[in-house]
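Have a look at the structure below before the remarks.
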Amino acid sequence: MAKNPYTLLGVSKTATEAEIKKAYRALAKKLHPDVNPGDKAAETKFKEVTAAYNLLSNKELREQYDSGQVDASGQQQNPFGAGGFGGFNQGGFQRTSGGQDEMADLFASLFGMNMGGMNPNRGGFRQARPRPQKGADIRASLQISFIDSLTGGTKNVKIGAGKPLSLKIPVGVEDGTTLRLRGKGQPGVNGGPAGDAKIDIEVGTHKHLRREGKNLRLALPISLKEAILGGKIKVLMPGGSVQLTLPAGTNSGKTFRLKGKGVKGGDLLVKTQIVLKDPKNKALIDWAKGDESENDFNPRENIL
Numbered sequence: 011m012a013k014n015p016y017t018l019l020g021v022s023k024t025a026t027e028a029e030i031k032k033a034y035r036a037l038a039k040k041l042h043p044d045v046n047p048g049d050k051a052a053e054t055k056f057k058e059v060t061a062a063y064n065l066l067s068n069k070e071l072r073e074q075y076d077s078g079q080v081d082a083s084g085q086q087q088n089p090f091g092a093g094g095f096g097g098f099n100q101g102g103f104q105r106t107s108g109g110q111d112e113m114a115d116l117f118a119s120l121f122g123m124n125m126g127g128m129n130p131n132r133g134g135f136r137q138a139r140p141r142p143q144k145g146a147d148i149r150a151s152l153q154i155s156f157i158d159s160l161t162g163g164t165k166n167v168k169i170g171a172g173k174p175l176s177l178k179i180p181v182g183v184e185d186g187t188t189l190r191l192r193g194k195g196q197p198g199v200n201g202g203p204a205g206d207a208k209i210d211i212e213v214g215t216h217k218h219l220r221r222e223g224k225n226l227r228l229a230l231p232i233s234l235k236e237a238i239l240g241g242k243i244k245v246l247m248p249g250g251s252v253q254l255t256l257p258a259g260t261n262s263g264k265t266f267r268l269k270g271k272g273v274k275g276g277d278l279l280v281k282t283q284i285v286l287k288d289p290k291n292k293a294l295i296d297w298a299k300g301d302e303s304e305n306d307f308n309p310r311e312n313i314l
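Mapped onto our numbering, the consecutive letters of the sequence shown carry residue numbers 11 to 314.
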């Protein structure tokens with residue numbers, strides 16, 4: 011028997027869609043099979059919270075669950091027990107020609123049945139042909155690298171016990187984006203179409219790059235020689251290398267803007283960071299000790 015979806019996600023019954031999504035993402039990150047290889051307990055828990063999220067993220071299914079129409083697995087519950095409507099065929103309602111249509115309308119509005127086919131000679135009701143219903147959507151998360159988020163491509167995503175699905179990652183996709191695979195969700199009912207698979211994208215961090223909207227910020231290491239003498243340097247980027255001209259005497263923390271080199275027409279903001287090749291280099295140490303011109307220089311004099 012499926013567990014209470016609110017309990018599985020650790021949210022209240024009045025939780026908003028945003029709160030439910032936040033709770034699921036936190037649990038998915040913690041329990042994802044890629045994070046817990048070989049851990050069957052974590053894999054089982056991951057499937058449970060994913061199923062719970064699939065139910066609660068579907069507004070119609072959530073309403074049906076809250077009202078008791080479906081159970082925690084999304085299956086419709088029968089309020090009349092295993093016998094269904096069988097008991098009505100044996101009596102319990104007196105048939106009158108004048109009230110027949112009125113009773114048919116009442117049951118049609120309550121139970122979605124076709125009472126227009128009531129047979130006075132049998133005393134029963136003819137149930138309408140079940141209408142096709144679209145299958146429920148399913149939800150999963152996919153973790154990709156920061157570089158993959160910039161370049162795009164194709165990734166395989168595994169949902170439950172099924173085969174991995176091929177997912178196209180668009181160029182410049184942002185963290186938190188939901189991508190949809192139409193027809194890859196739960197199968198439809200009574201010949202209805204299948205639901206969709208909704209994949210929440212989680213973008214990893216990068217040591218030197220970070221994103222601000224369409225702009226990219228790059229912390230660029232440069233050598234002491236490049237900082238002092240300046241020159242043209244090549245900067246490797248996911249979409250190809252770009253060239254940056256450093257003026258002589260460039261300090262750490264200097265920011266250069268390269269227009270159009272960010273994401274989808276955004277800019278690339280390059281901030282320099284001087285890195286010493288060998289901090290214990292004797293020649294460099296002797297030079298620093300012997301350079302008396304630096305004795306009265308205080309770079310922190312105007313810090314406030």
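The beta carbon of each residue, even a glycine, is placed where N, CA and C say it ideally should be.
Under a Cβ-count criterion, where at least 16 other Cβ atoms within 10 Å of its own Cβ denotes burial, should proline 197 be classed as buried or exposed? Reading the sequence shown from its first residue, position 187 is the one you call residue 197. Counting the other Cβ atoms within 10 Å of the Cβ of proline 197 gives fewer than 16, which makes it exposed.
Measuring CA to CA, which of Ser176, Lys217, Ala51 is closest to threonine 164? Here residue 164 corresponds to residue number 154 of the sequence shown, with the count starting at 1. Check the Cα spacing between threonine 164 and each of Ser176, Lys217, Ala51: the tightest is with Ser176.
Buried or exposed by the 16-neighbour rule on C-beta atoms within 10 Å, applied to isoleucine 211: As a first step, residue 211 must be located in the sequence shown, where it is residue number 201. Residue environment: isoleucine 211 is assigned as buried (16 or more neighbouring CB atoms within 10 Å of its CB, all protein chains considered).
Residue interval of the beta strand (DSSP E) (run including glutamine 74): Against the sequence shown, residue 74 aligns to sequence position 64. In the DSSP annotation of this structure, glutamine 74 is not part of any beta strand (DSSP E); the continuous alpha helix (DSSP H) holding it starts and ends at 69-76.
Helix, strand or coil: how does DSSP classify glutamine 100 here? Taking the first residue of the sequence shown as 1, we reach residue 100 at position 90. Residue placement at glutamine 100 cannot be trusted, given a pLDDT of 40 that sits under 50; what the coordinates show is reported in the next sentence. Secondary structure of glutamine 100 (DSSP, three-state): helix.
Out of curiosity, what's the CA-to-CA distance linking threonine 17 and alanine 52? Residue mapping note: residue 17 aligns to position 7 of the sequence shown, counting from 1. Residue mapping note: residue 52 aligns to position 42 of the sequence shown, counting from 1. The straight-line gap separating the alpha-carbon atoms of threonine 17 and alanine 52 is approximately 17 Å.
Are the Cβ atoms of valine 285 and leucine 268 separated by less than 8 Å? The residue labelled residue 285 in the question sits at position 275 within the sequence shown. The residue labelled residue 268 in the question sits at position 258 within the sequence shown. Taking the C-beta atoms as reference points, leucine 268 is found no nearer than 8 Å to valine 285.
Can you list, in chain order, the residues of its chain whose CB lies under 7 Å from that of histidine 218, leaving out five sequence neighbours each side? As a first step, residue 218 is located in the sequence shown; it is residue number 208 there, counting from the start. So the list reads Leu228, Ala229, once near-sequence residues are dropped.
Does asparagine 68 pass the burial test, meaning 16 or more other C-beta atoms within 10 Å, or should it be called exposed? Locating residue 68 in the sequence shown gives position 58, where the first residue counts as 1. With 16 or more other Cβ atoms within 10 Å, it is buried.
Check glycine 163 in the structure and name its three-state DSSP category. Counted from its first residue, the sequence shown places residue 163 at position 153. Glycine 163 falls in the strand class under three-state DSSP.
Evaluate the contact criterion for the segment 244-256 versus the segment 192-209: three or more CB pairs, one atom per stretch, below 8 Å. With a cut-off of 8 Å, the segment 192-209 and the segment 244-256 do not count as touching, because too few Cβ pairs lie within range.
Check whether the segment 27-42 and the segment 52-61 touch, using three or more Cβ-Cβ pairs below 8 Å as the test. Three or more Cβ pairs drawn from the segment 27-42 and the segment 52-61 lie within less than 8 Å of each other, which places the two stretches in contact.
Span of the alpha helix (DSSP H), counted from its first residue to its last, around glutamate 236: On the sequence shown, position 226 is the one that residue 236 refers to. That run of the alpha helix (DSSP H) goes 234-239.
By Cβ distance, which residues of its chain are closer than 6 Å to aspartate 115, with the 5 residues on each side in sequence left out? One-based indexing of the sequence shown puts residue 115 at position 105. Reliability of the predicted coordinates at aspartate 115 is poor, the pLDDT of 46 falling under 50, and the value obtained from them is presented with this limitation in mind. Hits under 6 Å: none found.
Quick check on the burial criterion: 16 or more other C-beta atoms within 10 angstroms. Buried or exposed for serine 77? Here residue 77 corresponds to residue number 67 of the sequence shown, with the count starting at 1. Under a 10 Å Cβ-count criterion, serine 77 is classified as exposed, with fewer than 16 other Cβ atoms of the shown protein chains found around its own Cβ.
What ranges does the beta strand (DSSP E) occupy inside the segment 167-242, keeping only unbroken runs of at least 3 residues that lie completely in it? Correct list: 175-179, 188-191, 207-213, 219-222, 225-233.
Can you find the residues in the same chain that come closer than 7 Å, C-beta to C-beta, to leucine 234, ignoring five residues on each side of it along the sequence? Taking the first residue of the sequence shown as position 1, residue 234 is located at position 224. Hits under 7 Å: Ile284, Leu286.
Roughly how many angstroms separate the alpha carbons of leucine 246 and isoleucine 157, rounded to a whole number? Counting from one through the sequence shown, the residue named residue 246 turns up at place 236. Counting from one through the sequence shown, the residue named residue 157 turns up at place 147. Counting only the Cα atoms, isoleucine 157 lies some 12 Å from leucine 246.
Just curious, the beta strand (DSSP E) that arginine 149 is in, first and last residue? Position 139 of the sequence shown, counted from the first residue, corresponds to residue 149. Start and end: 148-154.
If we count the other Cβ atoms within 10 Å of its Cβ and call it buried at 16 or more, is threonine 282 buried or exposed? On the sequence shown, position 272 is the one that residue 282 refers to. Buried is the call here.
Measuring straight from C-alpha to C-alpha, what distance separates alanine 12 and leucine 65? By one-based count along the sequence shown, residue 12 stands at place 2. By one-based count along the sequence shown, residue 65 stands at place 55. So the two alpha carbons sit approximately 11 Å from each other.
Where do the N-terminal and C-terminal ends of the alpha helix (DSSP H) with threonine 60 fall, by residue? One-based indexing of the sequence shown puts residue 60 at position 50. From DSSP, the alpha helix (DSSP H) with threonine 60 extends over 50-66.
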